[in-house]
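With our numbering applied, the first sequence corresponds to residues -15 to 406, in that order. For each residue, glycine too, the CB sits at the ideal point set by N, CA and C. All remarks here apply to the structure that follows.
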Amino acid sequence: MLKALRGTKDILPADAALWQFIESSARDIFAIYDYKEIRTPVIEEASLFIRSIGNATDIVQKEMYVFSDRGERSIALRPEATASIVRAYLENSLGQEKAVTKLFYIGPMFRSERPQKGRQRQFHQLGVEAIGSDNPLLDVEVISLAARIMRALGIKDFNLNINSLGCQKDKANIIEKRRKAVKPYLNSLCDECKERYNKNVLRIFDCKNAGCRKIAEGIESDNLLCSDCAGHFEAVKKGLKVIGINFIVDPKIVRGLDYYTKTVFEVTQKDLGAKDAICAGGRYNSLIEEMGGKDTPAVGFAFGIERMILSLEKDRHLIKPELDVFFAVTGEGMHEKAFQLMNNLRDKGLSCDIDYDEKSLKAQMRMAEKLGARSVIIFGEDEIKREKVSLRDMLKREQKEVDLKDIVEEIKANSKKGAISC
RNA sequence: GUAGCUAUAGUGUAAUGGCAGCACGAGAGAUUGUGGAUCUCUUAGAGCGGGUUCAAAUCCCGUUAGCUACCCCA
């Protein structure tokens, strides 16, 4: 039997309603904040991501799907959306239209990782990018947008953790200072942290190993930001307080992508397992210039939709199927005539279904019940001879004969009555 | 890439070496053309390949897949 590839999943009809709920709730909120949708291709030149995310990062080194197309070009399946959006922003000169360009996206991303809870190879993200301003209130807007989505979906027990990495200069400065501070203890670190010393020193401060943690705690966590970045961070914190968003400052938040500067944040949720970040983002003030544009500050975030579903799932309720009309057909040669009437009702916008297996009337009634039909048209020889059908109201369990010409009005009346009694 | 656990009808599960069972689901029926209950019947299963044994769902080896965790990340 053929199976879906490792780390990929079918979203089945039973789950699709939940996806639609999440997407439409998010879209409503994007509209409230005046963010417009952008859809970029899932394939891009591999170099786009290598340049933006960083050549040394795991995402690029170990996780990116890269292949050569027929023209021997190096193509990547996008591992995230920000790089593509910045590319589209520059390519289409979106910054010309207004000072701040506010975009949102929903779509699949691809990373070739070992799957586990909340982690797939094809997964889906929903996020925003606000390009064109370094105003700390824009950071606050983006964070509050994320918080509002959580609230709209009823996701509770989440934590907002924020930090500031500083500008590019600060980042380099911090890394250098940390490396210097850790160096004397290099031999006492765990093997992984010895690797991290070269690759990403800051992660040593997030190591779970007790020995490493002790060393990390012994090193001063003094403020290493320049005055501009420190001021920016203070303004973000103040802005969050002003609009009543709770947060925790967590100096351990580092983010795995090279392009982040200044504000970074993560929203974590208890029910997610080891991968507890449901949403993450931050500023990337240098990326656009690095990619050949003007010096343009920007900020954004991404939610993992599968992780949103994980944190929603416990109080997930089944949505009852609904159908305006089910056709129960009896008698020789009646199906074609019934099908014709059904087509007319569909023209009027009524949702209809019919049994194609020519089952017994009893079986057809059972089917109507299961499909959640509010009305059943019993389409039989006897009635048709008199230009009538029997119309059964499934909620009231009442039935009457109706002239074919009056059927639409009668059905609509049934639906209305049903809606009120519910 | 590494480790641990798991693999039985569509789904969830039981049987520790001796006839693969249960529940849900799905289908049919309980007197002529009528749905939520009940009852009856039907349906469908050992991931794959080896080995041990008189006998393997059960023990062993391999393999594949899934889950969880590490790494890393949304």
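C-beta atoms of residue i and residue j nearer than 7 Å
i	j	result
GLY284	GLU113	yes
ILE361	PHE311	yes
VAL248	ASN147	yes
PHE94	GLN106	yes
SER36	LEU334	no
VAL313	SER359	no
THR85	GLY116	yes
CYS336	MET349	no
HIS216	PRO120	yes
LEU87	ILE27	no
GLY356	PRO305	yes
LYS372	ASP390	no
ILE203	ALA156	no
THR252	ASP242	no
PRO99	GLY(-9)	yes
SER68	THR41	no
GLY55	TYR89	no
ILE188	TYR169	no
ILE229	ALA130	no
ALA264	GLU250	yes
Distance between residue j and residue i (C-alpha atoms, nearest Å)
i	j	result
ILE404	ALA397	Confidence in ILE404 is poor, its pLDDT being 40 and thus under 50, which makes the residue's placement too unreliable to answer from.
GLU81	GLY266	24 Å
LYS46	SER96	8 Å
CYS213	ALA(-2)	48 Å
TYR340	TYR244	57 Å
SER128	ASP234	18 Å
ILE133	ALA60	30 Å
GLY402	ALA30	Caution applies to GLY402, whose pLDDT of 48 falls short of 50 and renders its modelled position unreliable; the model cannot decide the point.
LYS20	LYS278	22 Å
PHE5	ASP12	11 Å
ASP(-6)	ARG103	14 Å
GLU316	LYS380	29 Å
CYS177	LYS161	16 Å
CYS191	ALA83	41 Å
CYS406	ARG135	Model confidence at CYS406 stands at a pLDDT of 37, short of 50, so the residue's coordinates are unreliable; what they give is reported in the following sentence. Approximately 27 Å between the Cα atoms of the pair.
CYS10	GLY91	The residue you asked about is not Cys; residue 10 is Ala in the sequence shown. Approximately 13 Å between the Cα atoms of the pair.
ASP154	LEU209	6 Å
GLU382	SER374	10 Å
ASN193	CYS174	7 Å
LYS254	ARG291	11 Å
LEU74	ALA322	57 Å
ILE338	ASP377	16 Å
LEU2	GLU64	23 Å
MET48	ALA15	32 Å
Enclosing alpha helix (DSSP H) for residue i [first to last residue]
i	result
ASN157	152 to 166
GLU179	175 to 183
GLY202	194 to 202
First through last residue of the beta strand (DSSP E) which encompasses residue i
i	result
LEU121	It is not in any beta strand (DSSP E) - LEU121 instead sits in the alpha helix (DSSP H) that spans 120 to 137.
LYS86	85 to 94
PHE231	Unbroken run through PHE231: none, as it is neither H nor E.
SER148	142 to 148
ILE115	106 to 115
Whole-angstrom C-beta distance between residue j and residue i, which should lie under 8 Å
i	j	result
SER295	LEU256	6 Å
LEU477	ILE159	Since the displayed the chain opens at -15 and closes at 406, residue 477 lies outside it and no answer follows.
LEU144	ILE232	7 Å
LEU434	VAL70	A question about residue 434 goes unanswered here, because the residues of the chain that appear run from -15 up to 406.
VAL392	LYS332	5 Å
PHE33	VAL44	6 Å
Continuous beta strand (DSSP E) assignments of at least 3 residues falling wholly in the stretch 327 to 389: 336 to 338, 357 to 363, 372 to 377, 382 to 387
Would you list, in sequence order, the uninterrupted alpha helix (DSSP H) runs of no fewer than 4 residues that lie entirely inside the stretch 253 to 313? 271 to 274, 289 to 296
Length-filtered (4 minimum) alpha helix (DSSP H) runs lying within the stretch 16 to 70: 30 to 37
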